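Notes to accompany the following structure.
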Amino acid sequence: MSGKAFDATVKALVEVAPESWPAFAGVPGGPTEAIDSDIATVSGAADKVLRVHTEPPYLLHLEFVAGHDAAQLPVKLHVRNGLLDDKHNLLVRTVAILLHPEANSPQLTGTHTRRFAGEDSYLEFRYRVIRVWELPPELFLTGGPALLPLAPISAVTKRELPGIIKQMVDHINAYKESGLVPMLESAAYVLSGLRYPPDVCKKLFRGMTAMRESSTYQAILAEGREEGREKGREEGIVALQNTLHSLGQNKFGRPDTRALQTIREIHDLARLQELCAHVATVGSWDELLAAPAPKSRRKKRT
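The opening position of the sequence shown corresponds to residue 0 in numbering that gives the first Met the number 0, with each subsequent residue numbered one higher.
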C-alpha cells in the first residue's frame, strides 16, 4: 500500500472528529473545525489544518508522516507554518505525527534553527513531534473515534495485539448509529498495514464484516484484489470517490451520513466522473446525488 493511502486515511479521521486532535497533540482545546489546508503552490498543501476556537483562536497544523523523507521535514514545517500564519493572520501550532519508526529521523528534534558560522541563530522554529509507536494504546482507545484506528500501531506487542484490536472494535461499535463503523474499521486495517504483514492483518480483521461495507476504502482494503487492470480500476474508483467528496464539500459543506453512504456505493467510474463535473451546476448534495444516470449507459441484460 502506498504512503498516500495511509495519509488519506488519517486525514479522513481528522475530519471525522476534529475536536479530538488538540488534546492528542497536547495543546489547548476548544470547538474545532477543519479548514482549507492549501497554502501555496510552491510549498504544496499542509496535511491538515484545524481552527481551534479558543481565546484567542489559533490554527493547529498537523503533518502525518509514514515514509522515509522526514529528514527534510523541519524545513517544510517551518515554511508551511509561516504561510498559514500569513494567509489566516492567526498563531499556528505545528505538530508532526510519525506513524511508523521508519519515518523517524535525528533531524526531528522539535526545533529548526538557522545560523551563520560563529553567530547566534537568526531563526528558531519550534514544533511538536509525536511518535505513535511510543504511546500507550489506552491513549487511543479513550481518545474518541478519530484516534481509535491508531491503537494497533501504538506501543503494542504482537502478543497484546489481538486483545487491543478487540477493545478497539468494542469502542468502534459504540458509533453504529452514526454510521462510522465501516470507515473506522477500514482505517484501522489500513494503518495496521504500516506495522504488520498483510497476512497478519487479514487474520486479525477477518471477522469485521462492517469493514467490507466501506466502499471509500475498498481499493485499499479489499482482500486479494487482483493486480494490473483490476487494481487500477479499483484505485480509480476510490480516487474519484475522494475527489467527489472533496469537490462537494468545498461547495456544499460536509456531507451527511446518507450522502457519504451514497458516494461509497457508486462503483461506476463514468458515473463518478459525471457527478464530479456536475458539482458546479447544482446547489446541494441532495440535488447532486439525485441526478439520474444517463439512459445511454443503462445496459440491458440478455
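Note that beta-carbon positions come from the ideal geometry of N, C-alpha and C, so glycine has one too. This structure is a prediction, so every number in the text was calculated from the model and none was measured.
Should residue i go down as buried or exposed, given a rule of 16 or more other Cβ atoms within 10 Å for buried?
i	result
residue 291	exposed
residue 99	buried
residue 121	exposed
residue 153	buried
residue 46	buried
residue 184	buried
residue 186	buried
residue 284	buried
residue 109	exposed
residue 8	buried
residue 148	buried
residue 317	Absent from the structure is residue 317, since the part of the chain shown begins at 0 and ends at 301.
residue 111	buried
residue 245	exposed
Under the assumption that residue i contacts residue j (Cβ atoms under 8 angstroms), give the Cβ distance between them as a whole number of angstroms.
i	j	result
residue 103	residue 130	7 angstroms
residue 174	residue 180	6 angstroms
residue 251	residue 146	That belief does not hold up - the Cβ atoms of residue 251 and residue 146 are roughly 28 angstroms apart, past 8 angstroms.
residue 151	residue 15	At roughly 17 angstroms, the Cβ-Cβ gap does not stay under 8 angstroms, so residue 151 and residue 15 are not in contact.
residue 21	residue 51	5 angstroms
residue 34	residue 48	5 angstroms
residue 274	residue 243	5 angstroms
residue 239	residue 260	Contact doesn't hold; Cβ gap of about 16 angstroms is too wide.
residue 256	residue 177	7 angstroms
residue 277	residue 236	With 8 angstroms as the limit, residue 277 and residue 236 do not qualify as a contact, their Cβ atoms being about 17 angstroms apart.
I need the DSSP call for residue i, collapsed to helix, strand or coil.
i	result
residue 277	helix
residue 194	coil
residue 93	strand
residue 16	coil
residue 250	helix
residue 31	strand
residue 222	Any reading at residue 222 must be qualified, since the residue scores a pLDDT of 39, below 50, and its modelled position is unreliable; no value is offered.
residue 201	helix
residue 47	strand
residue 37	strand
residue 67	coil
residue 62	strand
residue 286	helix
Inter-stretch contact (C-beta, 8 angstroms, three-pair minimum) for the stretch 70-79 and the stretch 25-32
Verdict: no, contact absent.
For a minimum of 3 consecutive residues, which ranges assigned as the beta strand (DSSP E) are wholly contained in the stretch 96-138?
List check, beta strand (DSSP E) in window: 110-113, 122-125, 127-130.
Across the stretch 75-93 and the stretch 60-67, are there enough close Cβ pairs to call them in contact, namely three or more that are closer than 8 angstroms?
In short, these stretches touch, since the Cβ pair count reaches three.
Below 8 angstroms, how does it come out for the stretch 77-89 and the stretch 111-128: are there three or more Cβ pairs, yes or no?
Counting Cβ pairs under 8 angstroms, three or more are found: they touch.
Is the number of C-beta pairs between the stretch 268-285 and the stretch 195-206 that are closer than 8 angstroms three or more?
In short, these stretches do not touch, since the Cβ pair count stays below three.
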